[in-house]
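Here this note's numbering is used: the first residue of the sequence shown is 1283, the next is one more, and so on.
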Amino acid sequence: MPSILETYEAMHGGSRVLAAQAATVFPSGVTHDARAFSPFPVYIQRADGPRKWDVDGNEYVDYIGGHGALLLGHNRPEVMAAARAAMERGTHFGASHDLEIQWGQQVIQMVPCAERVRFTSSGTEATMMALRLARAYTGRERLVKFVEHFHGWNDQVVGHLVEDDEHPHSVGVPDALYEHLTVLRDGDEAALETVLKRRDTAAVILEPSGAHWGTHPVSPEFLRAIRRLTAETGTLMVMDEVITGFRMAPGGASERYDVIPDLTTLAKILAGGFPGGAVAGRSEILDFIELREADTDWNSRRRIAHQGTFNANPVSAAAGVTALRLIAEGDHCAQADATAALLVRSLNDLFRTASVPGSAFATSSMWHVNLGYAAPKPADVEWDAAEEPHGIVPALTRPLRQALYNHGVDLMGNGGMVSSAHGEREVADTVRTFRAAIDDLRAEGLLG
Ligand SMILES: Cc1ncc(COP(=O)(O)O)c(C=O)c1O
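Here it is, written out as structure tokens:
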């Protein structure tokens, strides 16, 4: 019987050819760190709804969903029609246009803290702007972030805390930048209080789902503690809802947990599958971008300048406003959550009946797997154990994903994003695929 790797190579000949070409063009042959895969990544030719097909004709249930951008699934007809119609009018006017107003109004209607909005081209740019606004507004320099919480490749908040280090490091970013960054463990209310009481912190930024879209869940009580402590100390709370925005509820995690930050960063679902980001929040903070006629001191020394060729691009605006209206008026968030819950329960049933050491859990429509160790199973869907989930043990990460590709599932990290286009058929196919992948791992002696 061929091995998992041999099967992967045999089934993906077209991808291998493209990967060889890409290796001569891009570092590691890829255009995003998360797309690197060994022995070579799968090259996708087309996608539709909850599925996608590679250049060799293999079909996958897709759990990457445009890195989380596609709550409505691939090619949602209304969104595609709106984007096509916008394209017919021109792709870039270098000027203000009606669609950006509708898009901004829709954000204000849906996002609890949004009194004003500024569009950017990506989530990374949104976090850059939010933190700059926070520093300008408070006149303070320190930023607080949490271990493993991801905010794009923004210089201000990248870097890994190596054991015992006071500051993180990231090659290419001057260490001096980190003098004003404090990295804390999420859930540690006492440590947060100690830092914030010094009253020199401009903002606390966090992923409200917990690090890496809920791979390490955080409790809603901690979100409430952040809100309370930031308010008490004149610090701004920045909720990075680049992933959770319009997913955990039409108004994001903020609506779901009823915690209203000062600023929210948005991207992904915001632009309906096209590039785009935004900062939304209180007017008095966003107004630091305001131009004031005849106030040269304000304009040249106190306001934040903000350009960006593709800010509020009309095609993104058309797709975005259409997607957001569908989400506001429909039950897409709830549908995706329900499918993720069914998937988690079904996987835990499979793991139980097949005596697989592992478990699945989800927060909203973001699901995760632990595999290769005696992971606790949640009572229902959300992680409820005292210990942190460890994910998939390193020795299994690559062969599991190869085996899942061989049988027709594309994971994101150790789980993925469910869309409202996923349904019972995708859940059944995924469980069948996991069953086959587990058999393959066992046949190679990789899984007990
Ligand atoms: C929570 C969070 N913030 C920011 C970003 C950066 O967004 P972008 O990739 O659009 O720059 C991401 C990207 O995955 C993210 O997950």
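No residue lacks a Cβ here, since even glycine has one placed at the ideal position from N, Cα and C. If you're wondering where the values come from, they're calculated on a predicted model, not measured in any experiment.
Review point. From which residue to which residue does the beta strand (DSSP E) around T1464 run?
Key: Translated into positions along the sequence shown, residue 1464 becomes position 182. First-last of the beta strand (DSSP E) with T1464: 1463 to 1466.
Check your understanding: Who pairs with H1498 in a beta bridge, going by DSSP?
Key -> One-based indexing of the sequence shown puts residue 1498 at position 216. Note: H1498 sits in a beta bridge opposite A1493.
Practice item. Taking the CB atoms as reference points, tell me whether S1800 and F1322 lie closer together than 8 Å. Key: In the structure displayed, the chain extends from 1283 to 1730; residue 1800 sits before or after that span and is not available.
Review point. Beta carbon of V1455, beta carbon of D1470: below 8 Å?
Key: The sequence position of residue 1455 within the sequence shown is 173, counting from 1. The sequence position of residue 1470 within the sequence shown is 188, counting from 1. No, the pair does not count as a contact, with Cβ atoms beyond the cut-off.
Check your understanding: Looking only at DSSP bridge pairs, what is Y1342 linked to?
Key -> For the purposes of this step, residue 1342 is taken as residue 60 along the sequence shown, with counting starting at 1. DSSP output for Y1342 lists K1334 as bridge partner(s).
Point to revise | DSSP state of A1418 mapped onto helix, strand, coil | key: Taking the first residue of the sequence shown as position 1, residue 1418 is located at position 136. In this structure, A1418 counts as helix in the three-state DSSP scheme.
Review point. Would you report the Cα separation of A1657 and E1430, rounded to the nearest angstrom?
Key: Within the sequence shown, numbered from 1, the residue matching residue 1657 stands at position 375. Within the sequence shown, numbered from 1, the residue matching residue 1430 stands at position 148. In a straight line, the C-alpha of A1657 is about 21 Å away from that of E1430.
Practice item. Say yes only if the C-beta of E1430 is nearer than 7 Å to one or more non-hydrogen atoms of ligand 1, and no if none qualify. Key: What you label residue 1430 is simply residue 148 of the sequence shown in a count that begins at 1. Because no heavy atom of ligand 1 lies under 7 Å away, the Cβ of E1430 does not count as near it: no.
Exercise for review: Would you mind stating whether E1572 and T1546 have Cβ atoms separated by less than 8 Å?
Suggested key: For this step, residue 1572 is matched to residue 290 along the sequence shown. For this step, residue 1546 is matched to residue 264 along the sequence shown. Contact flag unset, no.
**Study point:** Contact belief for D1711 with G1730 at Cβ below 8 Å, rounded distance in angstroms
**Key:** In the sequence shown, residue 1711 corresponds to position 429, counting from 1. In the sequence shown, residue 1730 corresponds to position 448, counting from 1. The Cβ separation is near 25 Å, so there is no contact.
Check your understanding: Taking only runs of the beta strand (DSSP E) that begin and end inside the segment 1290 to 1336, which ones reach a length of at least 3 residues, in chain order?
Key -> 1326 to 1330, 1333 to 1336
Practice item. Take the Cβ of E1514 as the centre, count every other Cβ of all protein chains shown within 10 Å, and call the residue buried at 16 or more, exposed below. Key: Taking the first residue of the sequence shown as 1, we reach residue 1514 at position 232. Exposed: under 16 other Cβ atoms inside 10 Å.
Check your understanding: Under a three-way DSSP split, which group does F1643 fall into?
Key -> Against the sequence shown, residue 1643 aligns to sequence position 361. Strand.
**Study point:** Own chain partners of V1255 with C-beta closer than 7 Å, once the 5 adjacent residues on each side are dropped
**Key:** It is not possible to answer for residue 1255, since the shown part of the chain is limited to 1283 through 1730.
**Study point:** First through last residue of the alpha helix (DSSP H) which encompasses W1385
**Key:** Here residue 1385 is taken as the residue at index 103 of the sequence shown, counted from 1. It spans 1380 to 1392 - the alpha helix (DSSP H) in which W1385 sits, taken as one unbroken run.
Check your understanding: Rounded to a whole number of angstroms, what is the C-alpha to C-alpha distance between D1380 and R1680?
Key -> Indexing the sequence shown from 1 puts residue 1380 at position 98. Indexing the sequence shown from 1 puts residue 1680 at position 398. So the two alpha carbons sit approximately 47 Å from each other.
Check your understanding: Whole-angstrom Cβ separation of K1427 and I1487, contact assumed at under 8 Å?
Key -> Residue 1427 sits at position 145 when you count from the first residue of the sequence shown. Residue 1487 sits at position 205 when you count from the first residue of the sequence shown. The Cβ separation is near 5 Å, so the contact holds.
Review point. Which residues mark the beginning and the end of the beta strand (DSSP E) in which A1485 is found?
Key: As a first step, residue 1485 is located in the sequence shown; it is residue number 203 there, counting from the start. Unbroken beta strand (DSSP E) run through A1485: 1483 to 1488.
Practice item. Determine the DSSP secondary structure at F1592, reduced to helix, strand or coil. Key: Position 310 of the sequence shown, counted from the start, is the residue given in the question as residue 1592. Reduced to three states, the DSSP call for F1592 is coil.
Check your understanding: Would the beta-carbon of H1498 be found less than 7 Å away from any heavy atom of ligand 1?
Key -> Sequence index remark: in the sequence shown, residue 1498 carries index 216 (1-based). No, the Cβ of H1498 stays beyond 7 Å of every heavy atom of ligand 1.
Check your understanding: Hey, would you say the C-beta of D1437 is under 7 Å away from at least one heavy atom of ligand 1?
Key -> Within the sequence shown, the letter at position 155 stands for residue 1437. No, ligand 1 has no heavy atom inside 7 Å of this Cβ.
Exercise for review: State the start and end residues of the unbroken beta strand (DSSP E) segment that holds G1698.
Suggested key: Translated into the one-based positions of the sequence shown, residue 1698 becomes position 416. That run of the beta strand (DSSP E) goes 1697 to 1699.
**Study point:** Inter-residue spacing [alpha-carbon to alpha-carbon] between D1544 and A1600
**Key:** Your numbering for residue 1544 matches position 262 in the sequence shown. Your numbering for residue 1600 matches position 318 in the sequence shown. In a straight line, the C-alpha of D1544 is about 27 Å away from that of A1600.
Practice item. State yes or no: is the beta carbon of G1421 nearer than 8 Å to at least one beta carbon in chain D? Key: Here there is only one protein chain, and chain D is not present.
Review point. Under the rule that 16 or more other beta-carbon atoms within 10 Å means buried, what is T1578, buried or exposed?
Key: On the sequence shown, residue 1578 is found 296 positions in, with the first residue counted as 1. When all chains shown are included, T1578 counts as exposed.
**Study point:** Bounding residues of the beta strand (DSSP E) (the contiguous stretch that carries A1560)
**Key:** Within the sequence shown, residue 1560 is the residue found at index 278, counting from 1. From DSSP, the beta strand (DSSP E) with A1560 extends over 1559 to 1563.
Review point. Are G1555 and A1703 touching if we call contact CB-CB under 8 Å?
Key: Along the sequence shown, one-based indexing puts residue 1555 at 273. Along the sequence shown, one-based indexing puts residue 1703 at 421. No, these two residues do not count as a Cβ contact at 8 Å.
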